[in-house]
Each structure stands twice: as C-alpha cells, then as structure tokens.
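A.B. asks: What follows is a structure written as structure tokens; I'll ask about it next.
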C-alpha cells in the first residue's frame, strides 16, 4: 500500500471518528470552562455564522459593485483608483481595519459599541445587535470585498470581450441590461467558487476579528482555548470549523454547477 | 443627543449630492450609467439606505447608565461555586454574591464577623462556636441557620455526604483540621478541630469559606456553579457565556443596600479591548491590565488607577542542601547582589514592593517591622562569594516556569537576576519549563536538579506558606513546597507553637521571631510582593482594592 493511500485512509478514519463523536454529542469536557465541549462550541456557532455570513454578504455587495464598476470604466481614472483600493484591501491583514475602525468610530466619538454581541447592560433588540454587528462585519467585509472585486473585475473584463456579449451589443441591447444580466451572470458563475474559497478566508479572519471585538463566537473561543491549552475545546472547535468549511465549499460547488452549464458536462 | 445625527443634518446632508455621485459609481447594479447623475434617479436610494444602516445603530446606547456598573475582566468564569473555584476572576464575582461566617476587615486580611456575629474559642483552641446573625436568608429564600452551615461543610469535607459529588473541591485542604461540624442550636454551629489550629479563622475568611444555599445545591447538583445562590448584597441573574455575568441588587439584603442596582462582569480576554472599552466608556472598571497599560492611564484625565499590594510573595528558592547554597554566605551574597528596586522598576514597571522575610507586609499584625530588606551591595556580595570559596567553575542552574498564576513575568525576572548575579561572579544558566512540568519537578525537590528556582504564592495567613515551604519534615515530599530543603529546627518549633496559639498577640510575636530567623538564614532570594492595579473611570466612587484582591462592590456608586 502506498503511503498516500495509507495517509488518506488514516485521515478518513479520523474524520469519521470526529463526525461520530459530533453526532453522539460527546466531544469531551472543556478543561478551562468546565462545560461539555459540544455545548460550548454549538453556542458559539450562531454568532460566528452571523458574523461570517453578514461579512460575506456585505463583502460580495461591495466587491461586486466595485469590480463591475472598475471593469466598466476600464483603464480610466475610476478603474485605476479602484484597483489601487483593491490592492490595498487585499494586502491589509484583516485585523488592521478592525483596530482602526474601533478607534475611529467607537473609542474617539463613542458612536458605536467597542465590543460584544449585545449591550452588556441593555436588554438587546435588533438595533442593538446591528450596532454591535456593523464594525466587525465591515472590517471583515473590506478584505473580502477586495478579493471579490479583483475576481469580478478580471472576469467582467474577459466576458465583455467575448462573442456573445458583442453579439448582444450588436443586436442593440441596452448597456444597462447587458451588464445587469449578461455580464453579471457570467461573473457570478466564476465568483461562486471564489466565494467558497473566501468563506475559509473569512473563518480565518474571524479569529482576529472576534478577538478584537470580543465576539462570542467560535474564532475567539478557539484563540482562547489555544491560549490556555484546552485540548478538548481546541479539537471540538477545529472539528466544527472544518465541517463548516467543507459544507460551504460543497454548497459553492453545487451553486456553481447550477450557474455554469459547462461544469455540468465535465 | 446622538452626535452623529447632528453631524449629518448639518454637514453630511448638503454633501449628499456629492455623495450620490461617488456612490453611483460604486453601485453599477442599480446604475450602470455610471457617475452621470440624473435628477430624481434611483441612484440615491441605496446611498440613503447605507446611510441609514450606518447611522441609526450608531445612536445605540454605548455607555452604561449611572445605576449599572460594568466590570471588565480577562477571563470567562469557570464556576460560581466558591468551593469549586479558586480563579481570581471568579472570586471577584463571588465576593459580591456570597458571604461567609467570617470576612476580612476592609483594607486588611484580619478576620471579622460576617454572617456570624460572634464566635467563641474553647477546649484549648479545638472548638470554634459561631453564633449566626438572625433573619438572614439566601437569595432563594432558604433561611441561613446552623443547618445550612453544617450542610456546606459536610458537602465540602465529608466524602460520604450525598452532595460531596456535586463538585471537586480543591481548597478543602484548608479545613483538613476540622474533625466535626455540628449545629448546637438553631443559630449556633460548632467546629471541632483535630488539634488546635490558629489559622482556622483566616482560612474561614478566605473565599472558600463563603456559604452556598443548600436548597440550590440540592436542586442543581453538579450544575450549581452556573446557578449560584448566596446571601450577599447582589443576587445572580444571568450568565451568558463569553458575554457577561449579570447580578442584581438583593432587595432583601440584611445589611446596608448597595447603591448600584446592577453589576455586569464582562469577560474581555483581549487587553486591547478592555482598554478600548474603558476609553470609550462602555466599561467602568478594567482589571487584569499589564503594567504598561496601567502606566498609560496614570496621567490620563478622566481615569483613576487604584493599586493595592497583596499578600503575595515572589522569591527564588535556593537549594540549601547542595553546594554552593548550603553555605549561608552564598545565600546572603545572592540576596545582596540582586538589585530588587531595579527589577521592580524595570521588569515589573513598579507593580510590586520589595519583600522582607516570609510574611508579606499586608499581614500587618504578624509582620516584623524591624526587619530591613537586604540592601543592594554587590561589593559586599563579591566579598562573601570569595569568602565562601566559590570558584564558579560550572554555571548554576536557575529554574523558572514560562508562566503561572501569580508568577508575574518569571523569564524576564530571571534574566535580570542572572545579569545581577554575574556581576558578583555567580554565573547561572536559566532553564524554562512549562508550569505543570515545573511544579512536578519542584515537588520532588531541587536536589540534583537545580540551584535556584522561582516561586510565588498568595496566602491569607502567615502559616499557609511557611508551614509548607520552610519546615524540615516536609522537604521533598509530594505536594509540599520545601524544594530547597531548608531545615532549621528552631523555625519548626516556632511554626508549631504559632499553630497552637489562639492568642493573636502571642502568635504575632512568634511569627515575628520566625521571620527574623528565616530572613537571616536566607533560604530564599527575597524579591517582591505583587501590587494589583485596576483602572476606573472618574465617576466611579467608593471602590477600594482589598489585599485579598477581591472586589467588594457593595459600597460603590457612580456620579451622574
């Protein structure tokens, strides 16, 4: 038996073991928190999904808008500016905008709460949640938006030169409809895979962002568990992160199949 | 009035037209026409939408009202059962939920009546009879009586008790001298000890002596630590993991009502966030800050830094069994060679005090004020080293943990000590170990393994540490701390006498004598006592730090 096969078999057994444990609901007991790991991890899952989901949505919106806009105004000043911003966004580690946003919008003027999911003294409510959500989502979404914008721009530029688009243009379809329907659809097909990859990126970014904003999610939990060497909790957290990531990738692949007919044939 | 709304109406609204142009180019999904703005177009809609999303939540209440105090700590609580937990962050919450038979006199570690209004010591120091305050109830309505006290200590100490299994009680060794606990009346409890044991009251005053509601323990069993019920000035409301522990004023409190209606303890594990929250006003009190952060707040208007030295000792154990530290001159040389003021100023940034002898200064009643710390005198130290005939052929081994409770900054401290010792001709090499491995090694004694080892302890009675770490008979026994194998029979006799003496004045005299002997024998390099600091916003009043490092918020209030 070759070593790769052995390694794969081993991995399979490990994943199966993990899933079995997860299904049985017994991931051991957290050493540092003295609670069942499954409880801890599941209660932290919701906030993380909320954060990463909102960031993904906001990032897609920002990225798609910026990318399409850049592609439309190719090589003009707007495009150059946007590309500079995109480069900045991609190269900045996600914790930096987080820290800056806290300083500029929370610490100095006191407009937004600095940290947490709910107000520590109030009784919550949708506005309360939204005000706590905005800064962390924005700091995650900026980097995600930059990545999406870059893909969107290059995809849109490429698509705009393809025959069907020139054909459509020749047939007299309005620019608005052309971009909104035809270019956008082509871009989305490519983007879906990118977004799947991005989910992993965002989950990684959530480690920083959740720590900075003290968001009661999985990322912060994992960082703290590592800090105090709480092995059962680390294992549980990583297991759930892995499953989450695989699910998102799977979902992205399925949507890609649905959007791109070529992938169906392959 | 929310400042951002004002800003928008005065500044941003006129700029909206420009904003729409900028935004229009960022919004090709709705406006593929680009930045050319048609009057009355739809391009403005998402712009206003975005504005609304950003602005409206921006007006959320970010500062707590005047009757609510928000405290930021570095860790999520583990349990709110005083018999189970010994973590500082948990104890700070517990101090407001519970009371014990005995408490600390404010500003000291002296036991004073709390739930017991008086006590009597009889039978040659073996019987402690406590008379309880009447008409005190736990938050769930259970009356506090002798039965409830007996329940608490049965649960803690009796392995056969049906509720002994509702937790693991790491601190019950504090009560290992207790033989029986019985009710001798509705409101009278008698503890009979196996032998006279004077530190008993001090141990009872420590957080492990806080009393829990029997009904609540019976109801919640192993989950009691998440549903705490005590008799304190605040009662437990809610614990949202990783978010907050919420306490509310106990309206049927038997003492003076606390001025605040609610207390919130937030676990903010990142120091950056604790500082940012404090500056933004979302948090009133920030704890567990490093020396750097405290220094940054010291001269800042609007904040106060409160500090208190604790009953804490940081020292290096010297291996007194093996050369070179079997020679007292060498031990003295080490004490003279290390520039402790410099260590405290540079490494600990002033968050500690120099110690003298094995009794910390805050235990004022037993502290020997006549003792002087060893002065920094490298010349004298070098002379002693030469006198002792130390050749320094091989470097000595200094063991330190990478970190640990109360250890402050062990590696940085060790590095500075190494430098000071090199000056007088004592070369050491530092070996860093992980905390648990380190403790395991120390428990076997230093013999053959090292010459110096860093250690730190928090104590509540002069007996606690001395009895474990300086007694001849306990050297190199598991779970004892006399790793340096110090042995002086005179010290042993003093310790035993002090344990048997219930008269506080006579006890104090014994400890003063003990401190003098130990200080002069120098089995340790005496270094420092930790000073804990916290930062509060200026409007917080009536908050003092206790030497126990507990946080009593029953008299705290906020200016409007």
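Residue numbers (the working numbering), protein chains in the order written: chain R, -4 to 261; chain E, 566 to 1125. Cβ coordinates follow ideal geometry from the N, Cα and C atoms, glycine included.
What do you get for residue 143(R), buried or exposed, if any count of 16 or more other CB atoms within 10 angstroms of its CB means buried?
C.D. replies: Buried, since its Cβ has 16 or more Cβ neighbours within 10 Å.
A.B. asks: Taking the alpha carbon of residue 240(R) as the reference point, which residue from 258(R), 213(R), 222(R) has its own alpha carbon closest?
C.D. replies: Per the Cα distances, 213(R).
A.B. asks: Verify whether the separation of the beta carbon atoms of residue 885(E) and residue 1010(E) is less than 8 Å.
C.D. replies: Contact flag unset, no.
A.B. asks: Give the straight-line distance between the Cα atoms of residue 141(R) and residue 81(R), rounded to the nearest whole angstrom.
C.D. replies: Going from the Cα of residue 141(R) to the Cα of residue 81(R) covers about 5 Å.
A.B. asks: Pull out every residue of the segment 840 to 865 of chain E whose Cβ sits closer than 7 Å to any Cβ of chain R, in chain order.
C.D. replies: Going along the segment 840 to 865 of chain E in chain order, one finds 841, 842, 844, 845, 846, 847 with a Cβ nearer than 7 Å to chain R.
A.B. asks: Tell me the rounded alpha-carbon separation between residue 960(E) and residue 889(E).
C.D. replies: If I take the Cα positions, the gap works out to 11 Å.
A.B. asks: Assess, as a yes-or-no matter, whether the segment 73 to 91 of chain R is touched by the segment 154 to 171 of chain R under the definition of 3 or more beta carbon pairs within less than 8 Å.
C.D. replies: Judged by Cβ distances under 8 Å, the segment 154 to 171 of chain R makes no contact with the segment 73 to 91 of chain R, as fewer than three pairs qualify.
A.B. asks: When you check each C-beta in the segment 106 to 119 of chain R against every C-beta of chain E, which residues fall closer than 9 Å?
C.D. replies: Listed in sequence order: 106, 107, 108, 109, 110, 111, 112, 113, 114, 115, 116, 117.
A.B. asks: Measuring straight from C-alpha to C-alpha, what distance separates residue 733(E) and residue 751(E)?
C.D. replies: When rounded, the distance between both Cα atoms is 29 Å.
A.B. asks: Just checking my contact of residue 716(E) with residue 779(E) at CB under 8 Å: how many whole Å lie between their CB atoms?
C.D. replies: Sure, about 4 Å apart at Cβ, within 8 Å.
A.B. asks: Near residue 1003(E), which residues of its chain fall below 6 Å by C-beta distance, leaving aside the five closest residues on each side in sequence?
C.D. replies: Excluding sequence neighbours, residue 1003(E) sits near 966.
A.B. asks: Taking Cβ-Cβ distances below 9 Å as the criterion, which residues of the segment 202 to 218 of chain R are in contact with chain E?
C.D. replies: Going along the segment 202 to 218 of chain R in chain order, one finds 206, 207, 208, 209, 210, 211, 212, 215, 216, 218 with a Cβ nearer than 9 Å to chain E.
A.B. asks: Quick check on residue 243(R): buried or exposed, where buried means 16 or more other Cβ atoms within 10 Å of its Cβ?
C.D. replies: Buried, because 16 or more other Cβ atoms sit within 10 Å of the Cβ of residue 243(R).
A.B. asks: Along chain E, which residues have their Cβ under 9 Å away from the Cβ of residue 27(R)?
C.D. replies: Per Cβ cutoff of 9 Å: 640, 641, 643.
A.B. asks: Mark residue 156(R) as exposed unless 16 or more other C-beta atoms lie within 10 angstroms of its C-beta, in which case mark it buried.
C.D. replies: Residue 156(R) is exposed by the Cβ-count criterion.
A.B. asks: Could you work out which residues of chain E lie near residue 38(R), taking near to mean beta carbons separated by less than 7 Å?
C.D. replies: Result: 806.
A.B. asks: If you measure beta-carbon to beta-carbon, which residues of the segment 92 to 106 of chain R are closer than 9 Å to chain E?
C.D. replies: Against chain E - using a Cβ distance shorter than 9 Å - the residues of the segment 92 to 106 of chain R are 94, 97, 98, 100, 101, 102, 103, 104, 105, 106.
A.B. asks: Which value, in whole angstroms, describes the spacing of the CA atoms of residue 1014(E) and residue 962(E)?
C.D. replies: Taking the straight line from one Cα to the other gives about 8 Å.
A.B. asks: Should the segment 914 to 926 of chain E be regarded as contacting the segment 1093 to 1101 of chain E, the criterion being three or more beta carbon pairs within less than 8 Å?
C.D. replies: Judged by Cβ distances under 8 Å, the segment 914 to 926 of chain E makes contact with the segment 1093 to 1101 of chain E, as three or more pairs qualify.
A.B. asks: Please report how far the alpha carbon of residue 817(E) lies from the alpha carbon of residue 714(E), in whole angstroms.
C.D. replies: Each residue's alpha carbon lies about 20 Å from the other.
A.B. asks: Ignore the nearest five residues each way along the sequence and tell me which others in residue 669(E)'s own chain have a CB closer than 6 Å to its CB.
C.D. replies: 770, 1113.
A.B. asks: Taking DSSP's pairing of strands, which residues face residue 765(E) in a bridge?
C.D. replies: Answer is none; residue 765(E) lacks a bridge partner.
A.B. asks: In the structure shown, what three-state DSSP assignment does residue 11(R) receive?
C.D. replies: Helix.
A.B. asks: Starting from the Cα of residue 654(E), find the closest Cα among 855(E), 718(E), 1119(E), 1115(E) and give me that residue.
C.D. replies: Of the listed residues, the one whose Cα sits closest to residue 654(E) is 1115(E).
A.B. asks: Can you list, in chain order, the residues of its chain with a C-beta nearer than 8 Å to that of residue 980(E)? Leave out the 5 residues immediately preceding and following it.
C.D. replies: The residues are 995.
A.B. asks: Checking contacts by CB at 8 Å: is residue 132(R) closer than that to chain E?
C.D. replies: Not closer than 8 Å to any Cβ of chain E, the Cβ of residue 132(R) fails to qualify, so no.
A.B. asks: Should residue 656(E) be flagged as near chain R, meaning a C-beta pair shorter than 8 Å?
C.D. replies: With 8 Å as the cut-off, residue 656(E) does not count as an interface residue toward chain R.
A.B. asks: Could you check the C-alpha separation between residue 640(E) and residue 810(E) for me, to the nearest Å?
C.D. replies: Taking the straight line from one Cα to the other gives about 12 Å.
A.B. asks: So residue 939(E) and residue 1092(E) are supposed to be a Cβ contact under 8 Å. How far apart are they, rounded?
C.D. replies: Contact flag wrong, Cβ pair sits at about 11 Å.
A.B. asks: Between residue 35(R) and chain E, is any beta-carbon pair separated by less than 8 Å?
C.D. replies: Cβ-Cβ to chain E under 8 Å: yes for residue 35(R).
A.B. asks: Would a check of beta-carbon distances place residue 1061(E) closer than 8 Å to chain R?
C.D. replies: Output row for residue 1061(E): interface = no.
A.B. asks: In chain order, what residues of the same chain have a beta carbon less than 6 Å from the beta carbon of residue 695(E), not counting five sequence neighbours either side?
C.D. replies: Here the set comprises 666, 681, 684, 754.
A.B. asks: Kindly list the residues whose CB is nearer than 6 Å to the CB of residue 1117(E), restricted to its own chain and excluding five residues on each side of it in sequence; keep chain order.
C.D. replies: The residues are 660.
A.B. asks: Would you decide whether residue 815(E) is buried or exposed? Buried here means 16 or more other CB atoms lie within 10 Å of its CB.
C.D. replies: Classification for residue 815(E): buried.
A.B. asks: Using a beta-carbon distance below 8 Å, is residue 973(E) in contact with chain B?
C.D. replies: The structure shown has no chain B; the protein chains it does contain are R and E.
A.B. asks: Name the two residues that bound the continuous beta strand (DSSP E) containing residue 876(E).
C.D. replies: It is not in any beta strand (DSSP E) - residue 876(E) carries neither H nor E in the DSSP assignment.
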